[in-house]
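A.B. asks: Residue numbers (our numbering), protein chains in the order written: chain W, 1 to 249; chain D, 1001 to 1236.
Using N, Cα and C, we set each Cβ at its ideal position, and we do this for glycine too.
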């Protein structure tokens, strides 16, 4: 009797642990109902209302993008992820300006642009710029030149909202930059290396209308945002005439 | 695209670590066999493991972490527990406790040898060390001022064989670009290039506008290499 008890306990424990892991890894069959989405988003908005969920888009297996219309027709973005077997609100931006959604911060393969613009702004196309400053550095006989990075991605704004993976070449640039920035060797040697002369990579966006003229958005909505585990970085607007002058002439 | 986990293989480090463990196992086995009155082998092993525990000073030696053991804390702990309980047992375990402490110096030695072995196996000052595997190499546009291009892998491999490191003036390049005499000297970046296997080295390589220059940024240095022919398809 005692022996059975002793063998039984570990087996029971293993079963409990396994089912717990299984339960946590489980992906719910359906995305949440729109009413649930609205309730949860509203609970983060400090009394602001959500009018309507515009679309329901699954991103990978465990993440989803729900653009919405808020009070007075303002646009907003919400991103969700499966946490402990449940769809959980990850971040809200009450204002639909383009943002960079980093599902896994260390893996650029999981970086997406998300946006939800007001139709009155009549944006036909979005250009996203990816920049790093040029720099140089001389220490003793050691010369170092850091080339400028200035890359562009174009997105057609057919539905006024969208989610789109960042270009492969940007993933490559981000990964390479990170591999040099985080030397595994720590200590004094790492403190005095070149990385201080490498500027961070920056994003900016320019909206264009039907005539191909660049515009500034009027209906940007609020600046209000809420974060609960997902990283949603706002992409700043930039005057393209400044960009052209500086980098393209 | 799948997420590939960066597994770093520092071959010299692994070789020396295997070597160190071989020494440790040999010392332990010989000591155990020679002993006339033996403790249980598991207990002897445990005593040696606890003996490794020490107060030590850590620092960097040519980029590798090194620690010098100073106070044999593990030996002290074992002494305290074994001698307290049974005065006669301590002499049986003493040698294993101290053996554990001495093992710290075996690791110190292999730690000091790692950079030396590394330099014997790989040449950190040779640009081709960083561009050893180019089968999957591609070129990406990193500056909008240039036209998209494709990489000529065969030409890249051929040119790397007799590539020459050239001096450059980083300040002049920077000024030329800022003064708009030139938009960007290096508007392309290479991807899919691996350093020699087992070296655990990495680099970011930019390609010059004419396709005849490579700027190789490593963790410690930067190399500028000029080639005879362009490594880009549309070059000559």
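Going by DSSP in three states, residue 1158/D sits in which element: helix, strand or coil?
C.D. replies: Looking at residue 1158/D - three-state DSSP - the assignment turns out to be helix.
A.B. asks: What does residue 172/W touch in chain D if you count any residue whose Cβ is under 8 angstroms from its own?
C.D. replies: Per Cβ cutoff of 8 angstroms: 1140, 1189 and 1191.
A.B. asks: Give the range of the beta strand (DSSP E) segment to which residue 161/W is assigned.
C.D. replies: Start and end: 161-165.
A.B. asks: Roughly how far, in whole angstroms, is the beta-carbon of residue 1042/D from the beta-carbon of residue 1101/D, given that I think they are within contact range, below 8 angstroms?
C.D. replies: About 20 angstroms separates the two Cβ atoms, so there is no contact after all.
A.B. asks: Which two residues bound the contiguous beta strand (DSSP E) that contains residue 1070/D?
C.D. replies: Taken as a continuous stretch (DSSP letters only), the beta strand (DSSP E) holding residue 1070/D covers 1064-1071.
A.B. asks: Listed from N- to C-terminal order along the chain, which residues in the region 1171-1187 of chain D have their beta-carbon within a distance smaller than 8 angstroms of any beta-carbon of chain W?
C.D. replies: Cβ contacts with chain W: 1171, 1173, 1174, 1177, 1178, 1180, 1183, 1184, 1185, 1186 and 1187.
A.B. asks: Opposite residue 1060/D in the DSSP bridges: which residues?
C.D. replies: Note: residue 1060/D sits in a beta bridge opposite 1065/D.
A.B. asks: On the three-state DSSP scale, how would you describe residue 1194/D?
C.D. replies: Strand at residue 1194/D.
A.B. asks: Am I right that residue 1174/D and residue 134/W are in contact with their C-beta atoms under 8 angstroms? What's the rounded C-beta distance?
C.D. replies: Yes, residue 1174/D and residue 134/W are in contact; Cβ-Cβ is about 6 angstroms, under 8 angstroms.
A.B. asks: With a threshold of 8 angstroms on Cβ separation, who are the neighbours of residue 1031/D within its own chain once the five nearest residues in sequence on each side are excluded?
C.D. replies: 1095, 1096 and 1099.
A.B. asks: Tell me, please, whether the region 1204-1218 of chain D touches the region 1185-1193 of chain D by the rule of three or more beta-carbon pairs shorter than 8 angstroms.
C.D. replies: The region 1204-1218 of chain D, when compared against the region 1185-1193 of chain D, does touch it at the 8 angstroms Cβ threshold.
A.B. asks: Give the interface partners of residue 180/W over in chain D, defined as CB-CB distance under 9 angstroms, in chain order.
C.D. replies: In chain order: 1202, 1203, 1204, 1217, 1218 and 1219.
A.B. asks: Quick one: which chain D residues come within Cβ less than 8 angstroms of residue 240/W?
C.D. replies: Simply none; closest approach about 12 angstroms.
A.B. asks: Determine the extent of the alpha helix (DSSP H) in which residue 76/W is found, giving its start and end residues.
C.D. replies: Here residue 76/W belongs to no alpha helix (DSSP H); instead the beta strand (DSSP E) covers 75-83.
A.B. asks: Using C-beta distances below 6 angstroms, list every residue in its chain close to residue 55/W, excluding the 5 sequence neighbours before and after it, in chain order.
C.D. replies: So the list reads 67, once near-sequence residues are dropped.
A.B. asks: Kindly indicate which residue of 157/W, 148/W, 202/W and 207/W has the alpha-carbon position closest to the one of residue 1180/D.
C.D. replies: Comparing Cα-Cα distances from residue 1180/D to each of 157/W, 148/W, 202/W and 207/W, the minimum goes to 148/W.
A.B. asks: Any Cβ of chain D within less than 8 angstroms of the Cβ of residue 112/W?
C.D. replies: Closer than 8 angstroms: no.
A.B. asks: Label residue 1213/D either buried or exposed according to how many other C-beta atoms from any shown protein chain fall within 10 Å of its C-beta, with 16 as the threshold for buried.
C.D. replies: With 16 or more other Cβ atoms within 10 Å, it is buried.
A.B. asks: Taking a cut of 8 angstroms between CB atoms, which residues from the region 114-145 of chain W lie near chain D?
C.D. replies: Of all residues in the region 114-145 of chain W, 134, 135, 136, 137, 138, 142, 143, 144 and 145 have a Cβ within less than 8 angstroms of some Cβ in chain D.
A.B. asks: Taking 8 angstroms as the CB-CB cut-off, is residue 1144/D touching chain W?
C.D. replies: Taking Cβ atoms only, chain W reaches closer than 8 angstroms to residue 1144/D, which makes this a yes.
A.B. asks: Please find out if some non-hydrogen atom of the ligand HEM comes closer than 7 angstroms to the beta-carbon of residue 1216/D.
C.D. replies: Annotation note on the ligand HEM: not contained in the displayed structure, which lists no ligands.
A.B. asks: Mapping DSSP to helix, strand and coil, what is residue 1118/D?
C.D. replies: Helix at residue 1118/D.
A.B. asks: Looking only at C-alpha atoms, which of 236/W, 229/W and 238/W sits nearest to residue 78/W?
C.D. replies: Comparing Cα positions, the closest option is 229/W.
A.B. asks: How far does the alpha helix (DSSP H) with residue 1215/D in it reach, from first residue to last?
C.D. replies: Run containing residue 1215/D: none in the alpha helix (DSSP H); it sits in the beta strand (DSSP E), 1213-1218.
A.B. asks: Quick one: what's got a C-beta closer than 7 angstroms to residue 236/W's C-beta in the same chain, skipping five residues either side?
C.D. replies: Hits under 7 angstroms: 204.
A.B. asks: What are the residues of the region 144-160 of chain W that lie near chain D, defined by any Cβ-Cβ distance shorter than 9 angstroms?
C.D. replies: Those residues of the region 144-160 of chain W that come within reach of chain D (Cβ to Cβ, closer than 9 angstroms) are 144, 145, 146, 147, 148, 149, 150, 151 and 152.
A.B. asks: Using alpha carbons as the reference points, say which of 1232/D, 1136/D, 1209/D and 1122/D lies closest to residue 965/D.
C.D. replies: What the structure shows of chain D is the stretch from 1001 to 1236, and residue 965/D is not part of that stretch, so it cannot be assessed.
A.B. asks: Output the residue ranges of the alpha helix (DSSP H) runs that lie fully inside the region 1107-1152 of chain D and measure 4 residues or longer, sorted by chain position.
C.D. replies: Qualifying alpha helix (DSSP H) stretches, in chain order: 1127-1130.
A.B. asks: Taking only beta-carbon atoms, is residue 176/W less than 8 angstroms away from chain D?
C.D. replies: Output row for residue 176/W: interface = yes.
A.B. asks: How about residue 1053/D: is its C-beta nearer than 8 angstroms to some C-beta of chain W?
C.D. replies: So, not an interface residue.
A.B. asks: Kindly list, in the order they appear in chain W, the residues whose Cβ is closer than 8 angstroms to that of residue 1168/D.
C.D. replies: Result: 143 and 145.
A.B. asks: In three-state terms, what does DSSP make of residue 35/W?
C.D. replies: DSSP places residue 35/W in helix when its eight states are reduced to three.
A.B. asks: Note down, in chain order, each residue of its chain lying with its Cβ closer than 8 angstroms to the Cβ of residue 983/D, except the 5 sequence neighbours on either side.
C.D. replies: Outside the modelled stretch of chain D, which goes from 1001 to 1236, sits residue 983/D, for which no answer is possible.
A.B. asks: Under a three-way DSSP split, which group does residue 1205/D fall into?
C.D. replies: If DSSP states are grouped into helix, strand and coil, residue 1205/D belongs with the strands.
A.B. asks: Quick one: what's residue 1222/D bridged to in DSSP?
C.D. replies: Per DSSP, 1217/D.
A.B. asks: Measuring alpha carbon to alpha carbon, tell me which of 175/W, 72/W, 178/W and 86/W ends up nearest residue 23/W.
C.D. replies: When only C-alpha atoms are compared, the closest one is 86/W.
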